[in-house]
Amino acid sequence: MTKTALKGKDLICTQEWSLDELELVLGLARKMKENRFSDRYSGLLRYKTFMMFFYNPSVRTRQSFEAAATELGAHAQFLEPQAMRLKTKSSAGETIEDAARVMSRYASGLGIRILEDKIEAYGEGDELIREYAEYATIPVINMADDKFHPCQALADVMGLREAFGSEDLRGKKLLQIWGHGALARSWCSVQESLLLNSRLGMDITLAYPPGYDLDPEVIQQVQANCAAVGSSFEIVDDSRAGYGGADVVYSRNWMSPNAYEGGFNKQLEIEKALKHRDWICDEARMALTNRALYIHPMPVDRGHEVTDGVASGPRSIIYDIAENRLHVQKAVMALTMGD
Amino acid sequence: MTKTALKGKDLICTQEWSLDELELVLGLARKMKENRFSDRYSGLLRYKTFMMFFYNPSVRTRQSFEAAATELGAHAQFLEPQAMRLKTKSSAGETIEDAARVMSRYASGLGIRILEDKIEAYGEGDELIREYAEYATIPVINMADDKFHPCQALADVMGLREAFGSEDLRGKKLLQIWGHGALARSWCSVQESLLLNSRLGMDITLAYPPGYDLDPEVIQQVQANCAAVGSSFEIVDDSRAGYGGADVVYSRNWMSPNAYEGGFNKQLEIEKALKHRDWICDEARMALTNRALYIHPMPVDRGHEVTDGVASGPRSIIYDIAENRLHVQKAVMALTMGD
Amino acid sequence: MTKTALKGKDLICTQEWSLDELELVLGLARKMKENRFSDRYSGLLRYKTFMMFFYNPSVRTRQSFEAAATELGAHAQFLEPQAMRLKTKSSAGETIEDAARVMSRYASGLGIRILEDKIEAYGEGDELIREYAEYATIPVINMADDKFHPCQALADVMGLREAFGSEDLRGKKLLQIWGHGALARSWCSVQESLLLNSRLGMDITLAYPPGYDLDPEVIQQVQANCAAVGSSFEIVDDSRAGYGGADVVYSRNWMSPNAYEGGFNKQLEIEKALKHRDWICDEARMALTNRALYIHPMPVDRGHEVTDGVASGPRSIIYDIAENRLHVQKAVMALTMGD
Numbered sequence: 001m002t003k004t005a006l007k008g009k010d011l012i013c014t015q016e017w018s019l020d021e022l023e024l025v026l027g028l029a030r031k032m033k034e035n036r037f038s039d040r041y042s043g044l045l046r047y048k049t050f051m052m053f054f055y056n057p058s059v060r061t062r063q064s065f066e067a068a069a070t071e072l073g074a075h076a077q078f079l080e081p082q083a084m085r086l087k088t089k090s091s092a093g094e095t096i097e098d099a100a101r102v103m104s105r106y107a108s109g110l111g112i113r114i115l116e117d118k119i120e121a122y123g124e125g126d127e128l129i130r131e132y133a134e135y136a137t138i139p140v141i142n143m144a145d146d147k148f149h150p151c152q153a154l155a156d157v158m159g160l161r162e163a164f165g166s167e168d169l170r171g172k173k174l175l176q177i178w179g180h181g182a183l184a185r186s187w188c189s190v191q192e193s194l195l196l197n198s199r200l201g202m203d204i205t206l207a208y209p210p211g212y213d214l215d216p217e218v219i220q221q222v223q224a225n226c227a228a229v230g231s232s233f234e235i236v237d238d239s240r241a242g243y244g245g246a247d248v249v250y251s252r253n254w255m256s257p258n259a260y261e262g263g264f265n266k267q268l269e270i271e272k273a274l275k276h277r278d279w280i281c282d283e284a285r286m287a288l289t290n291r292a293l294y295i296h297p298m299p300v301d302r303g304h305e306v307t308d309g310v311a312s313g314p315r316s317i318i319y320d321i322a323e324n325r326l327h328v329q330k331a332v333m334a335l336t337m338g339d
Numbered sequence: 001m002t003k004t005a006l007k008g009k010d011l012i013c014t015q016e017w018s019l020d021e022l023e024l025v026l027g028l029a030r031k032m033k034e035n036r037f038s039d040r041y042s043g044l045l046r047y048k049t050f051m052m053f054f055y056n057p058s059v060r061t062r063q064s065f066e067a068a069a070t071e072l073g074a075h076a077q078f079l080e081p082q083a084m085r086l087k088t089k090s091s092a093g094e095t096i097e098d099a100a101r102v103m104s105r106y107a108s109g110l111g112i113r114i115l116e117d118k119i120e121a122y123g124e125g126d127e128l129i130r131e132y133a134e135y136a137t138i139p140v141i142n143m144a145d146d147k148f149h150p151c152q153a154l155a156d157v158m159g160l161r162e163a164f165g166s167e168d169l170r171g172k173k174l175l176q177i178w179g180h181g182a183l184a185r186s187w188c189s190v191q192e193s194l195l196l197n198s199r200l201g202m203d204i205t206l207a208y209p210p211g212y213d214l215d216p217e218v219i220q221q222v223q224a225n226c227a228a229v230g231s232s233f234e235i236v237d238d239s240r241a242g243y244g245g246a247d248v249v250y251s252r253n254w255m256s257p258n259a260y261e262g263g264f265n266k267q268l269e270i271e272k273a274l275k276h277r278d279w280i281c282d283e284a285r286m287a288l289t290n291r292a293l294y295i296h297p298m299p300v301d302r303g304h305e306v307t308d309g310v311a312s313g314p315r316s317i318i319y320d321i322a323e324n325r326l327h328v329q330k331a332v333m334a335l336t337m338g339d
Numbered sequence: 001m002t003k004t005a006l007k008g009k010d011l012i013c014t015q016e017w018s019l020d021e022l023e024l025v026l027g028l029a030r031k032m033k034e035n036r037f038s039d040r041y042s043g044l045l046r047y048k049t050f051m052m053f054f055y056n057p058s059v060r061t062r063q064s065f066e067a068a069a070t071e072l073g074a075h076a077q078f079l080e081p082q083a084m085r086l087k088t089k090s091s092a093g094e095t096i097e098d099a100a101r102v103m104s105r106y107a108s109g110l111g112i113r114i115l116e117d118k119i120e121a122y123g124e125g126d127e128l129i130r131e132y133a134e135y136a137t138i139p140v141i142n143m144a145d146d147k148f149h150p151c152q153a154l155a156d157v158m159g160l161r162e163a164f165g166s167e168d169l170r171g172k173k174l175l176q177i178w179g180h181g182a183l184a185r186s187w188c189s190v191q192e193s194l195l196l197n198s199r200l201g202m203d204i205t206l207a208y209p210p211g212y213d214l215d216p217e218v219i220q221q222v223q224a225n226c227a228a229v230g231s232s233f234e235i236v237d238d239s240r241a242g243y244g245g246a247d248v249v250y251s252r253n254w255m256s257p258n259a260y261e262g263g264f265n266k267q268l269e270i271e272k273a274l275k276h277r278d279w280i281c282d283e284a285r286m287a288l289t290n291r292a293l294y295i296h297p298m299p300v301d302r303g304h305e306v307t308d309g310v311a312s313g314p315r316s317i318i319y320d321i322a323e324n325r326l327h328v329q330k331a332v333m334a335l336t337m338g339d
């Protein structure tokens with residue numbers, strides 16, 4: 001696969017890219033990390049513009065994409081929709097078609113983030129990104145929507161490979177486990193992790209309390225991914241059982257499937273979640289694992305999703321993964337937007 | 001005229017620049033478009049700062065100026081006045097003199113946008129920009145005020161010349177027509193179009209319903225411009241009559257002269273405008289023209305100012321003109337701020 | 001002292017840097033001013049990111065730091081905490097440790113501004129910056145907190161040296177005087193001026209009305225600084241007495257020590273300050289001086305802190321000092337963040 005194979009390609013979910021394409025990204029990301037400010041990679045997008053369109057604010061995504069553009073010689077515009085006079089159900093304004101077509105004239109790439117309180121029903125955020133992608137003639141990168149978060153999953157994989165000292169994740173056991181917490185998060189990071197890590201051959205245990213099912217279509221795809229590579233997938237509803245033999249523990253809060261009934265019930269979700277006080281990743285549970293790595297996409301809700309001891313402990317690689325967001329995003333941008 | 005002739009010059013209204021000066025801009029803009037990322041033009045403002053001061057937000061103006069700076073190697077600071085502690089009628093703070101003098105020390109150019117709800121009477125926005133220009137020792141660029149919008153008119157002309165395949169617009173008929181709509185827009189784009197296109201020799205029909213007169217001083221200048229080059233200017237109050245024989249149709253909503261009576265009556269203006277449902281540019285009307293081009297400064301209020309069929313039709317050049325904002329602004333910045 | 005001596009060093013208060021270190025900054029700042037866009041200095045931080053974290057907005061600090069980054073080839077991210085989902089006393093979110101550790105992975109330096117209404121008690125802002133500095137592995141630069149403002153004092157000194165035509169400020173008399181006004185300002189600029197100028201050997205008269213004492217620990221340090229170099233320090237409570245023989249007058253409003261009793265009483269502070277109408281730097285008072293320079297960190301509250309005649313008069317160097325913010329900050333960034 002040549003380096004120009006990805007030119008112009010949207011990245012909305014890793015499942016829509018071949019493993020070869022994803023490995024091209026991960027390979028370049030590793031080289032970019034090893035040679036962070038070398039001239040070899042720094043000027044690849046010189047004078048180019050990347051537009052970051054944040055329906056929802058996000059510190060890490062904004063910081064890492066903006067730094068990624070800078071390190072490539074490009075500039076990332078920080079755009080918020082309240083200043084954009086877009087058409088909505090209740091007000092006149094510009095259509096997405098017009099916005100996307102014009103942005104395509106100014107920029108070399110467009111990132112969009114939309115989830116949580118900026119949508120009214122699960123799936124709307126992902127749909128909106130796909131509507132932009134339909135009209136844009138430049139690559140559209142999903143900077144997290146209600147369904148998927150491709151750059152997070154790529155950063156996770158990069159971090160796991162570094163920590164294990166091996167590119168091969170097959171046969172490693174990933175415990176993807178719900179944590180209680182006060183942030184009522186969307187499903188994107190968790191679903192993208194399941195989708196990508198299942199394709200890479202990890203054995204996956206998904207654990208959550210009753211009432212916290214994820215998207216059935218995504219789960220079906222994860223099962224198909226596991227079947228295709230011969231790895232295992234199981235769902236448990238116990239806060240402890242999945243830890244046995246785990247090589248990686250990824251604890252994270254997510255909202256229930258009822259979160260959008262009659263609007264986004266954030267407060268209700270938080271109250272409901274906080275009752276499950278037993279769903280926390282702590283030292284005692286980690287002791288049951290195969291010296292598991294601890295991962296999390298951050299921000300970490302310490303004391304709820306995970307104890308301080310685990311999050312700041314020797315097996316936590318949360319900061320490395322956060323850093324890898326920068327490198328995978330640089331690679332994605334260079335490969336989709338560069339020449 | 002040498003390339004340094006414009007160094008340090010403010011651009012508040014095209015009428016204040018000679019045609020030679022404007023052609024210098026348009027000529028450079030064309031070359032910059034043909035060689036978008038070439039080293040010849042990309043680094044002209046390297047390490048320089050352009051300050052964009054948005055009293056009113058604007059997506060296209062912000063995106064295009066910020067991208068223009070990036071492509072020239074410069075950086076555009078996105079500044080909003082609520083964070084600037086400026087002195088107002090009712091609160092202590094920094095004077096415009098102090099703000100302008102200090103910005104002149106940091107930046108190589110200053111763009112300002114102020115119109116619509118950020119002023120209390122027609123003309124105040126333009127006055128404010130001129131107050132900044134009085135004290136600033138760097139070029140001040142009008143990024144749209146209540147009276148004028150020079151970069152929009154330059155982008156319009158660039159687009160028309162491209163579409164006609166000729167630099168010579170003399171004798172072409174421009175229908176500048178009011179459209180009903182829900183956005184209560186300032187007069188700047190329309191007035192600047194009349195001013196510049198009249199100087200370039202276009203025959204102009206200005207059409208609007210009773211009660212939507214523009215600035216009488218501007219109209220007088222347009223008449224003088226037409227007289228000077230021997231072209232025609234007429235005003236009609238019919239939503240259909242002007243289309244006959246038109247080479248260019250520019251439909252656009254604008255507010256009435258009463259909009260600022262006792263504050264900015266946006267809602268009232270919208271209600272009043274929406275009653276004129278016959279004032280829309282549609283396929284039937286366009287069929288009366290000389291295969292006219294359709295132009296609009298965007299954002300388009302589709303279904304009010306123009307039908308989807310026309311705005312997205314084969315004779316619409318709205319995206320090309322939007323793109324040209326970038327190129328003319330790059331040229332203006334390079335010529336006024338560069339060495 | 002080599003140019004790499006400052007690599008990685010935080011700048012929270014000038015008192016914590018040696019005079020040799022500060023002179024390294026001031027020397028480089030002067031060269032950078034003389035060769036503003038030369039290749040010698042322009043690319044020193046190419047492709048690097050500086051994060052500007054504004055708990056409080058500020059026009060001059062933001063403009064000058066952002067321009068400083070641009071002129072060094074870097075990019076300054078403009079970050080506001082409301083978009084950062086940080087943990088507070090009342091809401092879940094990210095800890096400062098996590099935020100600082102991740103920013104250290106993306107950026108080469110971190111600037112923080114926090115004072116006035118964003119704190120609940122004097123000292124909290126400075127404490128917060130020190131908490132970031134504890135966890136960050138990149139240099140942290142104080143962009144003004146409730147106690148200190150190092151870059152302002154460095155810019156002041158640079159401006160005084162330029163205006164006097166001499167590096168040696170020993171024996172010059174500085175009148176640091178309170179002014180009435182409607183902005184209820186923090187103590188940072190004033191305290192930093194006292195701390196730095198006392199080390200440089202200026203004779204200092206501090207003047208303010210009863211009830212406007214500054215931080216006793218800072219005053220004690222200033223006295224120690226003066227004692228160490230053999231210069232004088234006095235405090236007077238008269239709005240006129242200190243002007244006699246002054247070489248530099250620095251008039252500036254500041255809040256009283258009671259400002260944070262039961263929350264930040266901005267309105268009360270303003271009302272209280274505005275009663276002291278005699279505390280203004282005017283032409284009559286300036287006539288008592290040794291043709292004193294007038295300095296102020298801006299924004300100037302004209303008519304309160306100082307008359308227009310003085311602020312815009314021939315001995316005012318307020319714009320030069322404002323410009324020097326850019327140059328000293330470029331030097332600080334290059335020396336602490338560069339290679």
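Residue numbers (this note's numbering), protein chains in the order written: chain A, 1 to 339; chain B, 1 to 339; chain C, 1 to 339.
We treat Cβ as the ideally placed atom computed from N, Cα and C, and that holds for glycine.
Keep in mind that this is a model prediction, so the values were computed, not measured.
Just mark residue i as buried or exposed, buried being the case when its beta carbon has 16 or more other beta carbons within 10 Å.
{"i": "Val157 of chain C", "result": "buried"}
{"i": "Arg101 of chain A", "result": "buried"}
{"i": "Pro299 of chain A", "result": "buried"}
{"i": "Gln267 of chain C", "result": "exposed"}
Counting only beta-carbon separations shorter than 8 Å, does residue i have a partner in chain C?
{"i": "Ala322 of chain A", "result": "yes"}
{"i": "Gln77 of chain B", "result": "yes"}
{"i": "Thr95 of chain B", "result": "yes"}
{"i": "Glu66 of chain A", "result": "yes"}
{"i": "Ser42 of chain A", "result": "yes"}
{"i": "Arg351 of chain A", "result": "Any question about residue 351 of chain A goes unanswered here, given that chain A covers just 1 to 339."}
{"i": "Thr49 of chain B", "result": "yes"}
Is the CB of residue i under 8 Å away from at least one CB in chain A?
{"i": "Gln63 of chain B", "result": "yes"}
{"i": "Glu71 of chain B", "result": "yes"}
{"i": "Phe164 of chain B", "result": "no"}
{"i": "Phe37 of chain B", "result": "yes"}
Return no unless some Cβ of chain F is closer than 8 Å to the Cβ of residue i.
{"i": "Tyr106 of chain B", "result": "Checking the listed chains, one finds no chain F in this structure; the protein chains it contains are A, B and C."}
So with Cβ pairs under 8 Å, would you call residue i a contact of chain B?
{"i": "Met103 of chain A", "result": "yes"}
Against residue i, what residues of chain C qualify as contacts under a CB-to-CB distance less than 7 Å, listed in chain order?
{"i": "Asp98 of chain B", "result": "Met298, Pro299 and Val300"}
Could you list which residues in chain C have their beta carbon closer than 9 Å to that of residue i, in chain order?
{"i": "Leu326 of chain A", "result": "Arg105 and Tyr106"}
On the DSSP bridge assignment, give the partners of residue i in chain order.
{"i": "Asp145 of chain A", "result": "A:Ile114"}
{"i": "Tyr250 of chain B", "result": "B:Gln176 and B:Ile295"}
{"i": "Val300 of chain A", "result": "For Val300 of chain A, which the question treats as bridged, DSSP gives no partner whatsoever."}
{"i": "Ser316 of chain B", "result": "B:Tyr294"}
For residue i, go through chain B and note every residue whose CB falls closer than 7 Å to its CB, in chain order.
{"i": "Tyr319 of chain C", "result": "Arg101, Val102 and Arg105"}
Contact the segment 278-292 of chain C vs the segment 196-206 of chain C: 3+ CB pairs below 8 Å: Contact between the segment 278-292 of chain C and the segment 196-206 of chain C is absent, because fewer than three Cβ pairs lie under 8 Å.
Three CB pairs or more closer than 8 Å across the segment 51-65 of chain B and the segment 325-336 of chain B: Yes, the segment 51-65 of chain B touches the segment 325-336 of chain B.
At least three beta-carbon pairs within less than 8 Å, the segment 263-277 of chain C to the segment 147-154 of chain C: Judged by Cβ distances under 8 Å, the segment 263-277 of chain C makes no contact with the segment 147-154 of chain C, as fewer than three pairs qualify.
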